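Since the structure comes first, as structure tokens, the remarks are kept for the end.
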Amino acid sequence: MTIEVRKVESVKATGNDA
Amino acid sequence: MTTVRLRPLSIVPEGEEVLVGDPETGTFVTIPAIGGLVIEALTRGATIDEVAAEAEAAAGQPVDIPAFVATLTELGFVDDGSRPEAAATAPIQGKRWVAGVSERVVRPLFGRVAWCCYAAIAVFCVAVFVVRPDLFPSAARDAFPFGDIGLSAVLLVPFSMATMALHECGHWLAARAAGLRARFGVDRRMMLLVFETDLTQVWGVPRKQRYSPLLGGMAVDVVLLGALLAASLAVDDAAVSAALAVGIYLKLAGFLWQCMVFLRTDLYAVMVNLLGCHNLWRVKTLLLRRAFGRLSAAETEELASASAADRRAGSWFRWVWLAGFAGVLGWFALFVLPVVAVVLRWAADGMSAGPLAGRFWYCLVCAALLLGPYLLAAGLAVRERRSRT
Chain A
1090 MTIEVRKVES
1100 VKATGNDA
Chain B
229 MTTVRLRPLS
239 IVPEGEEVLV
249 GDPETGTFVT
259 IPAIGGLVIE
269 ALTRGATIDE
279 VAAEAEAAAG
289 QPVDIPAFVA
299 TLTELGFVDD
309 GSRPEAAATA
319 PIQGKRWVAG
329 VSERVVRPLF
339 GRVAWCCYAA
349 IAVFCVAVFV
359 VRPDLFPSAA
369 RDAFPFGDIG
379 LSAVLLVPFS
389 MATMALHECG
399 HWLAARAAGL
409 RARFGVDRRM
419 MLLVFETDLT
429 QVWGVPRKQR
439 YSPLLGGMAV
449 DVVLLGALLA
459 ASLAVDDAAV
469 SAALAVGIYL
479 KLAGFLWQCM
489 VFLRTDLYAV
499 MVNLLGCHNL
509 WRVKTLLLRR
519 AFGRLSAAET
529 EELASASAAD
539 RRAGSWFRWV
549 WLAGFAGVLG
559 WFALFVLPVV
569 AVVLRWAADG
579 MSAGPLAGRF
589 WYCLVCAALL
599 LGPYLLAAGL
609 AVRERRSRT
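Just so you know, the sequences run in chain order A and B. Numbered according to this note's numbering, the first sequence spans residues 1090 to 1107. Numbered according to this note's numbering, the second sequence spans residues 229 to 617.
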């Protein structure tokens, strides 16, 4: 069997009050 | 007798899978549990043959170790002696992960007791609005509170920038308390410019420990709002009250912003963690494209390999995203553009005296403060479009 790899997204924290 | 030297990787069990990553490059992936076993064996210094035997015993069938090592090499997880660099996640971004303060110093600020205090302050804020509804902001009264557009710009924009910076510091300090590092940047959400903290390293700690860094920014917001409300209750000077009302208005607008998960806000990251997703943003895009019949062959394949949790959440989140996107466009057209027009007219009036008059420069600076963020966001969007084609 082959080992499948899944991508994980980056984590972006933001602030805004517009 | 080949062995493979791996970089210092974080390994976190995540349901039936394992979340593996290199905190230094910010690259994280999920793999089946057998992959975690292989990585642990390689880290121990076992040879490829030994690892293959161990993996076969655990999986009950032969496991292709050379192919997996090739994948690990592609991901940059194999130590080749070079110093790895993290790929940018924002158009304007510091390259370096910032430590800056020691874990021990900030840990009390984000421990169990501290979070109970932040929750208590949040309850206090809600209670104040219930008892004193007059303190709840009204856009008409508080958006341009100082009568003059210029004065509002000079006072509001710096205050707003400062509290946004404090919010990002909240994320960073909470990340430090969890033993992680963060990096800072500037990004855009549709037509809005935002400060952004890259918290990707949270994938390197167990699921429950991720909430503190993700909510650290809003903890700062809650403390600020609590302080503003407490001050409002204490003072009866009209001018001071008006200034405090503006602060309250900005803070509440910030909480409203965080609720817009379709803009990839802090609460979006919290939602992803709650749902057990790992790649929802991309899977949402793929599912939306499929709904409109615009999926390429490569994308079809990519979607087929997505996790069940991502596909399940993506099937409804795509519509939340689409509705939110349309909603923000409508809000911008109905509420922001008219204000932009007013500001431009005001600036043009003031600047008609020519550059020898002081008012010319005052109006120019004020207009730049108010409209600069939109211009910069537009510039970033143009740059993205260019780099894509």
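Here a beta-carbon is modelled for each residue, glycine too, at the ideal position from N, C-alpha and C. Keep in mind it's a predicted model, so treat the numbers as computed, not measured.
Within the same chain, show all residues whose beta-carbon is closer than 8 Å to that of A269 (chain B), passing over the 5 residues directly before and after it, in chain order.
-> E278, V279, E282, A283
Three-state secondary structure (DSSP) at Q437 (chain B)?
-> helix
Excluding sequence positions up to five away, which residues of its chain have a Cβ less than 7 Å from the Cβ of A605 (chain B)?
-> R416, M419, L420, L421
To the nearest angstrom, how far is it from the Cα of P336 (chain B) to the Cα of V329 (chain B)?
-> 13 Å
For D426 (chain B), which residues does DSSP report across the bridge?
-> A:K1101, B:R411
Going along the chain, which residues of its own chain have a beta-carbon closer than 7 Å to the beta-carbon of E245 (chain B), five neighbours each way excluded?
-> T258, I259, P260, A261
Determine the DSSP secondary structure at F305 (chain B), reduced to helix, strand or coil.
-> coil
Taking W549 (chain B) as the query, report the chain A residues whose CB atoms sit under 7 Å from its CB, ordered along the chain.
-> Per Cβ cutoff of 7 Å: no residues; W549 (chain B) is ~14 Å from chain A at best.
Determine the chain A residues that contact F563 (chain B) at a beta-carbon separation under 8 Å, and present them in chain order.
-> None at all; the shortest Cβ gap to chain A is about 11 Å.
Comparing the C-beta of T428 (chain B) with each C-beta of chain A, is any distance below 7 Å?
-> yes
To the nearest angstrom, how far is it from the Cα of E424 (chain B) to the Cα of A1102 (chain A)?
-> 6 Å
Minimum Cβ-Cβ distance from E424 (chain B) to chain C less than 7 Å = Of the protein chains in this structure, namely A and B, none is chain C.
Is the stretch 431 to 439 of chain B close to the stretch 234 to 248 of chain B, with three or more CB pairs under 8 Å?
-> yes
Using alpha carbons as the reference points, say which of B:L523, B:W485, B:R539 lies closest to L508 (chain B).
-> B:R539
Can you tell me whether DSSP reads Q321 (chain B) as helix, strand or coil?
-> strand
Identify, in the order they occur along the chain, each residue of the same chain with its Cβ nearer than 7 Å to the Cβ of V334 (chain B), setting aside the five sequence neighbours on each side.
-> L401, R404, A405
Could you please give the first and the last residue of the uninterrupted alpha helix (DSSP H) stretch that includes V567 (chain B)?
-> 565 to 579
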